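Quick note on numbering: the sequence shown equals residues 1 to 246 in full-length UniProt numbering.
Glycine residues also receive a C-beta, built at the ideal position from the N, C-alpha and C atoms.
It should be emphasised that the depicted structure is a prediction, and the values quoted were computed from it without experimental measurement.
Some notes on the structure that comes next.
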Amino acid sequence: MDVCLGRRDMVVKHIQRKLQEKSEKHTAELHKLGLIAAKVELPPNVHVLPSTPQFLGMNTILQSPETQQDDFVFYFDRLASILIERALDMTQYIPTSVETPQGNKYLGLNPLGTVSAVAILRGGSCLETALKRSIPDCITGRVLIQTNDASQEPELHYLKLPPRLEEHTSVLLLDPQMSSGGAALMAVRVLLDHGVQESRIVFVTCAAGETGLKRLTAVFPKINVIVGRIEEEGEPRWMEKRYFGC
1 MDVCLGRRDM VVKHIQRKLQ EKSEKHTAEL HKLGLIAAKV ELPPNVHVLP
51 STPQFLGMNT ILQSPETQQD DFVFYFDRLA SILIERALDM TQYIPTSVET
101 PQGNKYLGLN PLGTVSAVAI LRGGSCLETA LKRSIPDCIT GRVLIQTNDA
151 SQEPELHYLK LPPRLEEHTS VLLLDPQMSS GGAALMAVRV LLDHGVQESR
201 IVFVTCAAGE TGLKRLTAVF PKINVIVGRI EEEGEPRWME KRYFGC
């Protein structure tokens, strides 16, 4: 019995050591990416919304601690709708023509295929109201990625993706805030592992740190990123708490 317990302890310690080595390697790689990112400009596939008076006004309301939750949700949904509509500019379309009620021909565009979305829980759910207003029949999926407090590594806890996701022409990846980029990196990796082409992924976020954006696009240079504003480095997540009231 003592021999069995000793062997089990050895196995447990071996696994713990390997996990610790993996954690240290991951942290070192993120740090290395941060050093590289600090030396480069934001690439052209990062699309920051212009700071129009309307956009600045909505962000002022959202940032104010005096804003009531009902007002916060209303203006957040407005801002999120702008982000989703901008993301749809990144999807693929094909030329088409229709006959108007006046009998004229209108040359326009139709979506090339299916546009779906995957929300990074729980924050990504904040963007789904705006998503459904823009694409009422949008197919959606979920991933739950949380940061381990001890290792500061992102961990995948839940995954539910739409069937045949790899056949969709565009997949919107939704998360209202991004700091280090760890969760976004893992979420994109999950989509790639399920057959989604990198160039078909559009990451949508209301606010992101510049270093996190550079890390994400350094690892995945073919994705498009739609971001509302660049926030201070290391800003804690707060949008989903204000949105859901808890």
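Identity of the residues DSSP links to residue i by a beta bridge
{"i": "F203", "result": "L173, V225"}
{"i": "K132", "result": "In DSSP, K132 forms no bridge with anything."}
{"i": "R242", "result": "DSSP output for R242 lists no bridge partner at all."}
{"i": "E231", "result": "G209"}
{"i": "Q146", "result": "E155"}
{"i": "M178", "result": "A208"}
{"i": "G141", "result": "V118"}
{"i": "H47", "result": "I226"}
{"i": "K160", "result": "R142"}
Integer-rounded CB distance, given that residue j should sit under 8 Å from residue i
{"i": "M90", "j": "S170", "result": "7 Å"}
{"i": "F72", "j": "L62", "result": "6 Å"}
{"i": "V115", "j": "L172", "result": "7 Å"}
{"i": "T211", "j": "E233", "result": "6 Å"}
{"i": "A183", "j": "F203", "result": "About 11 Å; that fails the 8 Å criterion."}
{"i": "K214", "j": "L42", "result": "7 Å"}
{"i": "V118", "j": "L161", "result": "7 Å"}
Residues near residue i by beta carbon distance below 7 Å, same chain, minus five either side
{"i": "E231", "result": "A207, A208, G209"}
{"i": "L192", "result": "E198"}
{"i": "K222", "result": "E198, S199"}
{"i": "M186", "result": "I145, P154, L156"}
{"i": "V46", "result": "L213, T217, V225, V227"}
{"i": "T96", "result": "G108, L109, N110"}
Beta carbon proximity, residue i to chain D, threshold 7 Å
{"i": "I135", "result": "Protein chain content of the structure displayed is limited to a single chain, and chain D is not contained in it."}
Under 7 Å between C-beta atoms of residue i and residue j
{"i": "M178", "j": "T217", "result": "no"}
{"i": "G141", "j": "L174", "result": "no"}
{"i": "E155", "j": "Q146", "result": "yes"}
{"i": "S51", "j": "E85", "result": "no"}
{"i": "G245", "j": "Q69", "result": "yes"}
{"i": "F220", "j": "V188", "result": "yes"}
{"i": "P176", "j": "C138", "result": "no"}
{"i": "L159", "j": "V143", "result": "yes"}
Cβ neighbours of residue i in the same chain (closer than 8 Å, five flanking residues each side left out)
{"i": "Q92", "result": "P111, L112, G113, T169, S170"}
{"i": "V98", "result": "K105, Y106, G108"}
Residues of its chain near residue i, where Cβ-Cβ distance is below 6 Å and the 5 sequence neighbours each way are ignored
{"i": "A130", "result": "D77, A80, S81, I84"}
{"i": "R242", "result": "F72"}
{"i": "S229", "result": "Reading off the sequence, residue 229 comes out as Arg, not Ser. Result list for R229: A207, in chain order."}
Inside the stretch 54–139 only - alpha helix (DSSP H) runs reaching at least 4 residues
Entirely contained in the stretch 54–139, the alpha helix (DSSP H) runs reaching 4 residues are, in chain order, 69–88, 128–134.
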